[in-house]
Amino acid sequence: MAHIFDIIGPIMVGPSSSHTAGAARIGKLARIMLQEPVHRAEIKLYGSFAETYLGHGTHLAVLGGLLGYDPDDLRIRQSDSLAREAFGYEFVVLSGVPVDHPNTMRLSLAGETNQIDILGVSVGGGRIRVTEIDGFPVKLNGENIVLVIHSVDRPGVITLLTSCLASENINIGNMTVSRQGKGSSVVMTIEIDAPAEPRVLDRVRSTEGVQRATQIIPL
11 MAHIFDIIGP IMVGPSSSHT AGAARIGKLA RIMLQEPVHR AEIKLYGSFA ETYLGHGTHL
71 AVLGGLLGYD PDDLRIRQSD SLAREAFGYE FVVLSGVPVD HPNTMRLSLA GETNQIDILG
131 VSVGGGRIRV TEIDGFPVKL NGENIVLVIH SVDRPGVITL LTSCLASENI NIGNMTVSRQ
191 GKGSSVVMTI EIDAPAEPRV LDRVRSTEGV QRATQIIPL
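This is the structure in structure tokens:
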């Protein structure tokens with residue numbers, strides 16, 4: 011079944027929902043994951059992103075997203091100069107590297123205290139998928155309320171987290187756990203029915219074993 015955005019496309023600045031609206035959303039989601047303003051960004055472009063990013067304005071869109079702009083924000087047209095005033099950035103074009111989807115980019119971001127590395131795909135109609143966070147496989151589309159939690163990999167951490175959310179009357183719709191070797195660390199994605207209040211997020215972050223917790227609200 012076709013998604014309505016495949017037919018009419020999203021409201022956006024730029025000629026292509028895949029190359030501009032999707033790129034802006036990937037950038038904005040990465041900024042949210044960083045949890046602070048971007049100080050430095052390395053943007054690796056693959057496939058058709060690498061081949062047409064200048065002509066389709068993909069570079070402007072992703073920089074706009076990193077500045078926190080929505081796909082329809084007119085400031086995207088000047089986002090290269092606006093970003094240059096806000097943070098350092100570098101585009102790396104990797105047109106010959108095989109990828110699973112032609113509209114793929116990797117964003118490696120550094121803020122004042124945090125770092126994040128995500129692999130994102132623009133799948134059409136302005137819709138996106140994030141398939142990797144800090145080397146961990148994930149499945150995020152920016153369309154649901156999700157807690158992304160980095161934690162140590164040891165018994166009891168998941169129980170503590172789910173108990174914390176249950177005590178706050180927060181319902182878990184879906185949960186996945188991605189590991190990088192037993193006893194190392196994990197990234198959990200927890201889909202919840204309603205946004206968690208800042209107080210609840212503070213409780214989650216203070217849970218034993220949790221290293222970082224981010225809430226993603228639908229873009």
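Numbering (the numbering used here), first residue to last: 11 to 229. We put the beta carbon where it would ideally sit given N, CA and C, even for glycine. Keep in mind the model is a prediction, meaning the values are calculated, not measured.
Taking the beta carbon of M11 as the centre, do at least 16 other beta carbons fall within 10 Å, making it buried, or is it exposed?
For M11, the predicted structure reports a pLDDT of 45, less than 50, and the residue's modelled location is therefore unreliable. A value from the coordinates is still provided. Exposed, by the Cβ-count rule.
List the DSSP bridge partners of E95.
Answer by DSSP bridge pairing: none, since E95 is not bridged.
Classify I17 as helix, strand or coil using the three-state DSSP reduction.
Only weak support is given to the placement of I17: the predicted model assigns it a pLDDT of 38, under 50, and the value that follows is read from those uncertain coordinates. Here I17 sits in helix by DSSP.
For M43, which beta-bridge partners are listed by DSSP?
DSSP, once it has assigned bridges, lists no residue as partnering M43.
Start and end of the beta strand (DSSP E) containing T186?
From DSSP, the beta strand (DSSP E) with T186 extends over I182 to R189.
Which of the three DSSP states, helix, strand or coil, is assigned to G24?
Residue placement at G24 cannot be trusted, given a pLDDT of 48 that sits under 50; the coordinates are not used to answer.
In the structure shown, what three-state DSSP assignment does L211 receive?
In the structure shown, L211 sits in a helix (DSSP, three-state: H, G or I).
Which of the three DSSP states, helix, strand or coil, is assigned to E61?
Correct three-state label for E61: helix.
Could you check where the beta strand (DSSP E) with S216 kicks off and where it finishes?
Segment: none, S216 is in no beta strand (DSSP E) and carries neither H nor E.
Once the 5 residues before and after E153 are set aside, which same chain residues still bring their CB inside 6 Å of it?
Excluding positions up to five away in sequence, the list reads P228.
Pull up the distance between the alpha-carbon of L73 and that of Y63, whole angstroms please.
Answer to the nearest angstrom: the Cα atoms are 12 Å apart.
Rounding to the nearest angstrom, what Cα-Cα distance links V107 and I200 in this structure?
Between V107 and I200, the C-alpha separation is close to 32 Å.
Let me make sure I understand the geometry here. Which of F97, S58, V210 and C174 has the alpha-carbon closest to that of R50?
That would be F97, whose Cα lies nearest to the Cα of R50.
Closest to D80 by CA distance: which of S91, Y99, E46 and R41 is it?
Cα-wise, what sits closest to D80 is R41.
Which one of E46, R213, M198 and R35 has the shortest CA to CA distance from G121?
Here the closest residue by C-alpha is E46.
Taking just the CA atoms, how far does S177 sit from T141?
Using only the alpha carbons, I get a separation of about 30 Å.
Going straight from the alpha carbon of P147 to that of R85, what length do you get?
Cα to Cα, P147 sits roughly 33 Å from R85.
Using the DSSP secondary-structure output, state which residues sit across from K6 in a beta bridge.
Because the chain in this structure spans residues 11 to 229, residue 6 falls outside the shown range and cannot be described.
According to DSSP, is V197 part of a helix, a strand, or is it coil?
Of the three classes helix, strand and coil, the one that applies to V197 here is strand, per DSSP.
Measuring straight from C-alpha to C-alpha, what distance separates H160 and G166?
Roughly 14 Å separates the two Cα atoms.
Does DSSP put I155 in a helix, in a strand, or in coil?
Coil, per DSSP.
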